[in-house]
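If you count by this note's numbering, then the sequence shown holds residues 1 to 152, one letter each, in order.
Everything on this sheet refers to the single structure shown next.
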Amino acid sequence: MSHIFLKKTLAGIVSTMMLGYAGLSSAHDAGATMDPSGTVAAFTGYALVTCSDDGNGPADHLLASVKDLSPPQDKLLVNLQIIKGNRAISTTDPVSGDANYSPEVKVRGGNGTYLLLVNKTKAGTRSFAVSYHCMTANNTHTGTDIVVNQFE
Numbered sequence: 001m002s003h004i005f006l007k008k009t010l011a012g013i014v015s016t017m018m019l020g021y022a023g024l025s026s027a028h029d030a031g032a033t034m035d036p037s038g039t040v041a042a043f044t045g046y047a048l049v050t051c052s053d054d055g056n057g058p059a060d061h062l063l064a065s066v067k068d069l070s071p072p073q074d075k076l077l078v079n080l081q082i083i084k085g086n087r088a089i090s091t092t093d094p095v096s097g098d099a100n101y102s103p104e105v106k107v108r109g110g111n112g113t114y115l116l117l118v119n120k121t122k123a124g125t126r127s128f129a130v131s132y133h134c135m136t137a138n139n140t141h142t143g144t145d146i147v148v149n150q151f152e
């Protein structure tokens, strides 16, 4: 019972840290540590990113990438998926710990809410950063807000 409480408390703290970091960052980067115990192969982060016209024009697409900040570990990679309506795409950071982001991916879904998922390929602790940006059709940054719904 106390293990479940600790897990939920930790997930809440990490989620709050992600929200706070995302809210303070003008570049729309957020980061955290997935699966601090290193035992949950199916650990998944789930957030909603809302794209809107903030005066720079309506959103055309959400652009995102992920960076694994942990030391390299064989066959343990971090993945990111974007889903909106009937459109989806994914990307994987192919080399953990190299300080480079995965290839950028985008879903063209206009203004509205996009589902952003981050997961990993097997059990093990992974620290990561996600870069996410709502962009207009002419690649101007526009309104971008995030709400983390799950981090476990």
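Every residue gets a Cβ at the ideal spot worked out from N, C-alpha and C, and that includes glycine.
No experiment lies behind these values; they were computed from the predicted model shown.
Straight-line Cα distance separating residue j from residue i
i              : j              : result
threonine 142  : valine 107     : 15 Å
asparagine 139 : asparagine 149 : 28 Å
lysine 122     : lysine 67      : 16 Å
arginine 126   : aspartate 54   : 34 Å
aspartate 35   : isoleucine 83  : 23 Å
glycine 31     : threonine 136  : 24 Å
Residue i - partner residues in DSSP beta bridges
i             : result
aspartate 145 : Thr50
serine 96     : The partner list for serine 96 (beta bridge, DSSP) is empty, contrary to what the question assumes.
glycine 167   : This structure does not reach residue 167, given that the chain is present from 1 up to 152, and the question cannot be answered.
leucine 116   : Ala47 and Ile82
glycine 31    : Ala129
leucine 62    : Val107 and Cys134
serine 90     : Gln81
Expected contact under 8 Å - CB spacing of residue i and residue j to nearest Å
i            : j           : result
aspartate 98 : leucine 77  : At roughly 12 Å, the Cβ-Cβ gap does not stay under 8 Å, so aspartate 98 and leucine 77 are not in contact.
leucine 48   : leucine 117 : The pair is not a contact, with the Cβ atoms about 11 Å apart (cut-off 8 Å).
Spatially closest choice to residue i from the options, by CA coordinates
i            : options                          : result
alanine 120  : Asn86, Thr33 and Ala41           : Note that residue 120 corresponds to lysine in the displayed sequence, not to alanine. Of the listed residues, the one whose Cα sits closest to lysine 120 is Ala41.
tyrosine 46  : Asn86, Val130, Gly57 and Cys134  : Val130
threonine 44 : Phe128, Ala137 and Tyr132        : Phe128
cysteine 134 : Gly57, Tyr101, Gly31 and Lys75   : Gly57
valine 105   : Ile146, Tyr132, Ser70 and Ala137 : Tyr132
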